[in-house]
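In our numbering, the protein residues as written are 9 to 179.
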């Protein structure tokens with residue numbers, strides 16, 4: 009299976025921060041990749057000392073924000089017809105995009121921040137905000153806050169649990 013824990017862990021050990029950046033950038037751009045799984049494993053590796061926590065957090069945050077903003081630009085510049093034409097290859101249908109656009113138009117900043125924590129919304133967030141015509145400055149702020157919270161929750165939980173588990177092992 010391509011997205012098993014062992015495959016993700018091997019990728020992290022082999023490629024480190026560039027693998028984290030690539031996975032989260034493309035997941036935020038709309039490609040279905042294992043974002044939370046990657047962050048959990050990376051946080052655990054940071055707790056073991058195999059990855060440095062601050063560079064991990066900064067890399068994950070930057071990748072998430074840049075991926076979503078690239079998606080926003082695609083949605084804004086290419087427009088809905090182009091997004092649907094090429095998005096169909098990864099399961100982005102007219103109905104899905106319409107639902108997400110409607111939610112973004114209705115709830116704006118709040119949905120952009122919260123969407124980071126919901127699979128599928130996380131992947132469509134930037135593109136849909138762009139096609140829905142959300143103001144870029146508002147999107148950028150909401151996206152950065154959501155990405156900071158998302159990375160902090162997943163990496164932080166794995167890191168702190170990993171540190172605690174490591175200490176329990178030696179008692």
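Built from N, CA and C at the ideal position, the CB exists for glycine as well.
Task: Inter-residue Cα distance where the pair is residue 151 and residue 58 - done: Position 143 of the chain shown holds residue 151. Position 50 of the chain shown holds residue 58. Each residue's alpha carbon lies about 29 angstroms from the other.
TODO: Determine the closest residue to residue 157 out of 146, 169, 168 and 123, with distance taken between C-alpha atoms.
DONE: Walking along the chain shown from the start, residue 157 turns up at place 149. Nearest of 146, 169, 168 and 123 to residue 157, Cα basis: 123.
Open item on the list: Taking 7 angstroms as the limit between beta carbons, can you name the residues of its chain near residue 34, skipping five residues before and five after?
Closed with: Working through the chain shown from its first residue, we reach residue 34 at position 26. 41 and 75, listed in sequence order.
TODO: Alpha carbon to alpha carbon, how far is residue 56 from residue 178? Give it in angstroms, no decimals.
DONE: What you label residue 178 is simply residue 170 of the chain shown in a count that begins at 1. What you label residue 56 is simply residue 48 of the chain shown in a count that begins at 1. Here the model assigns residue 178 a pLDDT of 46, short of 50, so the residue's position is not dependable and the matter cannot be decided.
Task: Separation of residue 27 from residue 105, as counted between CA atoms - done: As a first step, residue 105 must be located in the chain shown, where it is residue number 97. As a first step, residue 27 must be located in the chain shown, where it is residue number 19. The straight-line gap from Cα to Cα measures roughly 28 angstroms.
Task: DSSP three-state assignment for residue 121, whether helix, strand or coil - done: Numbered from 1 along the chain shown, position 113 holds the residue referred to as residue 121. Three-state DSSP puts residue 121 in a helix.
Task: Residues near residue 147 by beta carbon distance below 7 angstroms, same chain, minus five either side - done: Locating residue 147 in the chain shown gives position 139, where the first residue counts as 1. Taken in chain order, the residues that qualify are 80, 120 and 137.
- [ ] Compare the Cα-Cα distances from residue 64 to each of 95, 31, 93 and 86 and report the closest residue.
- [x] Sequence index remark: in the chain shown, residue 64 carries index 56 (1-based). Checked all of 95, 31, 93 and 86; the closest Cα to residue 64 is 31.
TODO: Report the rounded CA-to-CA distance for residue 50 versus residue 20, giving the unit in angstroms.
DONE: Locating residue 50 in the chain shown gives position 42, where the first residue counts as 1. Locating residue 20 in the chain shown gives position 12, where the first residue counts as 1. Residue 50 and residue 20: Cα-Cα distance of roughly 7 angstroms.
Open item on the list: I'd like to check one pair, residue 73 with residue 155: are the Cβ atoms closer than 8 angstroms?
Closed with: Residue 155 sits at position 147 when you count from the first residue of the chain shown. Residue 73 sits at position 65 when you count from the first residue of the chain shown. The answer is yes: Cβ separation under 8 angstroms.
TODO: Could you spell out the range, first to last residue, of the alpha helix (DSSP H) harbouring residue 54?
DONE: On the chain shown, residue 54 is found 46 positions in, with the first residue counted as 1. Start and end: 43 to 56.
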